[in-house]
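Visitor: Input: one structure, supplied below.
Residue numbers (my numbering): 497 to 923.
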């Protein structure tokens with residue numbers, strides 16, 4: 497390589513400048529090696545090695561989790577990729593579209609050393625991704641943007657030196673950079689419906705400071721179909737763990753499942769609900785929440801509730817759907833698959849509904865309230881804001897139309913009539 501300079505400065509002065517640059521480089525190089533030999537933390541290496549880089553850099557593990565970042569910003573980071581990285585501790589999920597992320601992953605797996613990008617949500621900055629490799633396998637990457645200055649060839653070369661030193665350090669302490677996922681085998685077995693003995697359950701709960709008296713919710717986060725790479729899954733899991741830090745969060749059957757105690761995160765609590773909704777809107781996700789349950793071994797039942805909600809969504813546009821609210825809609829959806837809903841109705845009740853006459857529809861509503869209130873006339877009259885005698889008159893009329901006595905219903909007929917009323921009011 498040759499550098500041709502045109503200058504009026506004396507040769508000896510220019511030569512001294514070059515020697516000074518070389519001296520600084522060698523001192524920097526030797527200090528980096530010393531940090532590695534002394535087996536210091538990689539963050540110490542990066543803080544020193546990045547001294548001469550113009551722009552801040554971030555180090556991510558293979559799943560996209562932020563391990564360390566170093567450098568100073570000369571402008572505000574709001575609205576840039578750095579904003580999301582620092583706030584959420586993960587490689588940008590919202591700021592990088594799935595197709596852009598897929599392209600980068602393809603280049604990483606191809607062994608490319610420097611990957612240049614301009615992302616659609618941050619078009620004013622150029623980005624560089626510098627993958628790290630150990631024994632031919634990718635185990636992380638550096639990310640940086642031209643926040644403070646452009647990526648000159650010299651800056652790119654220096655970044656590659658930092659990559660080289662980091663890979664050397666990894667060779668000495670690779671275990672420090674392996675992602676230590678919590679063992680989720682036991683939870684997966686429960687989700688799959690396998691039985692669990694009391695001893696195994698007790699051991700699992702005690703190891704995580706849970707108790708048999710805890711109350712639980714299960715959350716199923718639905719992922720975009722086009723966004724299923726391992727790195728993106730890990731990014732979602734990391735951000736979900738930010739609001740469910742004491743829960744168990746894992747990838748299972750093309751979705752992310754979280755199990756959390758009510759005392760750690762209560763979806764009925766306004767602030768918790770708002771935090772969850774904000775996360776879902778930012779990541780364009782939906783969540784299905786089971787009814788609360790009281791034994792950890794009931795995960796399969798709770799997971800089944802969420803799957804049913806996903807199959808029969810009450811309000812598809814909503815980010816949060818709860819089984820407590822969606823249960824009737826789910827039930828009707830399941831019944832409808834077996835038969836038409838009117839086919840489950842008592843013929844006389846269905847006939848009243850099909851008349852579309854207001855007085856007949858009122859009778860159906862009165863019958864439903866009467867059955868819900870345990871066939872208690874006084875309580876039903878209060879619920880409907882009716883005079884007792886008016887209610888009795890309507891009940892007698894219902895008996896005439898149905899050809900049955902409401903005072904002598906067996907359990908089967910009571911359930912039949914009640915379900916008929918509910919179905920008719922939803923048709």
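Virtual Cβ for every residue (Gly too), placed ideally from N, Cα, C. In this text, all values refer to a predicted model and were calculated from it rather than measured experimentally.
In this structure, does DSSP put residue 539 in helix, strand or coil?
Guide: Three-state DSSP puts residue 539 in a helix.
Visitor: Are the region 567 to 578 and the region 601 to 614 in contact at 8 Å, needing three or more beta carbon pairs?
Guide: The region 567 to 578, when compared against the region 601 to 614, does not touch it at the 8 Å Cβ threshold.
Visitor: Could you check what DSSP says for residue 692 in three-state terms: helix, strand or coil?
Guide: Residue 692: coil per DSSP, three-state reduction.
Visitor: Going by beta-carbon coordinates alone, are residue 750 and residue 719 separated by less than 8 Å?
Guide: In this structure, residue 719 lies closer than 8 Å to residue 750 by Cβ.
Visitor: For residue 780, count the other beta carbons within 10 Å of its own beta carbon; 16 or more makes it buried, fewer makes it exposed. Which is it?
Guide: When all chains shown are included, residue 780 counts as exposed.
Visitor: Given that a residue counts as buried once 16 or more other Cβ atoms are within 10 Å of its Cβ, and exposed if not, what is residue 795?
Guide: Buried: at least 16 other Cβ atoms inside 10 Å.
Visitor: Leaving out five residues on either side along the sequence, give the residues of the same chain with a beta carbon under 7 Å from the beta carbon of residue 731.
Guide: These residues qualify, in order along the chain: 560, 586, 587 and 589.
Visitor: According to the neighbour-count rule (16 or more other Cβ atoms, all chains shown, within 10 Å of its Cβ), is residue 507 buried or exposed?
Guide: With fewer than 16 other Cβ atoms within 10 Å, it is exposed.
Visitor: Taking the alpha-carbon positions, what's the residue 502 to residue 544 distance?
Guide: So the two alpha carbons sit approximately 33 Å from each other.
Visitor: Between 801, 692, 822 and 802, which lies nearest to residue 810 when the distance is taken from Cα to Cα?
Guide: Of the candidates 801, 692, 822 and 802, the one whose C-alpha sits nearest the C-alpha of residue 810 is 822.
Visitor: Contact check, residue 895 vs residue 901 under 8 Å by CB: the rounded distance?
Guide: That pair is a contact at about 6 Å.
Visitor: When you compare the region 614 to 630 with the region 762 to 779, are there three or more beta-carbon pairs, one atom per stretch, that lie closer than 8 Å?
Guide: No, they do not touch.
Visitor: Under 8 Å, do residue 635 and residue 667 count as touching if we go by C-beta distance?
Guide: The answer is no: Cβ separation not under 8 Å.
Visitor: With DSSP as the reference, label residue 501 as helix, strand or coil.
Guide: Of the three classes helix, strand and coil, the one that applies to residue 501 here is coil, per DSSP.
Visitor: Kindly indicate which residue of 738, 685 and 764 has the alpha-carbon position closest to the one of residue 816.
Guide: Closest by alpha carbon: 764.
Visitor: If you measure between the beta carbons of residue 659 and residue 701, is that distance less than 8 Å?
Guide: Not in contact: residue 659 and residue 701 (Cβ atoms no closer than 8 Å).
Visitor: Give the straight-line distance between the Cα atoms of residue 710 and residue 760, rounded to the nearest whole angstrom.
Guide: Taking the straight line from one Cα to the other gives about 10 Å.
Visitor: Go to residue 564, then tell me how far its beta strand (DSSP E) extends in each direction, as first and last residue.
Guide: Here the beta strand (DSSP E) through residue 564 covers 562 to 566.
Visitor: Terminal residues of the continuous alpha helix (DSSP H) containing residue 804?
Guide: Residues 795 to 807.
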